[in-house]
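> Take this structure, written in structure tokens, and hold onto it; I'll ask about it next.
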Amino acid sequence: MTGRWGALIIAALVPGPVRFSGLHRQIGGISQKMLSQYLKSLVRYGLVERLVEPTVPPQVTYRLTPLGRSLAEQLCALLGWFGANTAELEAARQRHDATDSPSR
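Per the UniProt record's numbering, residue 1 is the first one in the sequence shown, and the count goes up by one each step.
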């Protein structure tokens with residue numbers, strides 16, 4: 001449902017509503033097709049709301065629902081944890097790699 005792209009989309013929507021093109025610009029490396037698929041999934045699960053403005057052409061924006069905001073809070077906490085523990089994680093990885101057998 002969320003995965004890598006879903007988390008980035010949710011993070012991009014934290015400041016407020018964003019149009020599709022704005023999300024595509026903010027999230028580097030995602031194709032328009034993949035962005036569209038993830039947005040549909042996030043809308044389906046009630047994390048994101050799709051708003052259509054009755055203009056010509058219609059303007060579509062996306063924003064977090066209350067459920068999406070609660071998930072965003074948890075994602076921010078997780079990212080903060082990784083940021084606070086980056087050095088320790090890197091040291092553990094280096095210790096593991098130094099003792100890992102290359103014959104795997």
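Backbone N, C-alpha and C fix where the C-beta goes; we use that ideal spot for every residue, glycine too.
For the beta strand (DSSP E) that V52 lies in, which residues bound it at each end?
Taking the sequence shown and counting its residues from 1, one reaches residue 52 at position 52. Its beta strand (DSSP E) spans residues 48–53.
> Is the distance from the Cβ of V60 to the Cβ of V52 below 8 Å?
Position 60 of the sequence shown holds residue 60. Position 52 of the sequence shown holds residue 52. Yes, Cβ-Cβ distance for V60 and V52 is below 8 Å.
> Comparing alpha-carbon positions, which option in R69, L78, R4 lies nearest G29?
Reading the sequence shown from its first residue, position 29 is the one you call residue 29. Residue R4 is the option with its Cα nearest to G29.
> Thinking just about the alpha-carbon of each residue, which of G6, A92, S21, P58 is nearest to the one in Q37?
Locating residue 37 in the sequence shown gives position 37, counting from the first residue. Checking every option, the nearest Cα to that of Q37 belongs to G6.
> If you follow the alpha helix (DSSP H) that Y45 is in, where does it begin and where does it stop?
In the sequence shown, residue 45 corresponds to position 45, counting from 1. Looking at the DSSP string, Y45 is not in any alpha helix (DSSP H), and its letter there is neither H nor E.
> Check the Cβ-Cβ distances between E49 and every residue of chain B, and say whether any is below 8 Å.
This model lacks chain B altogether; it includes just one protein chain.
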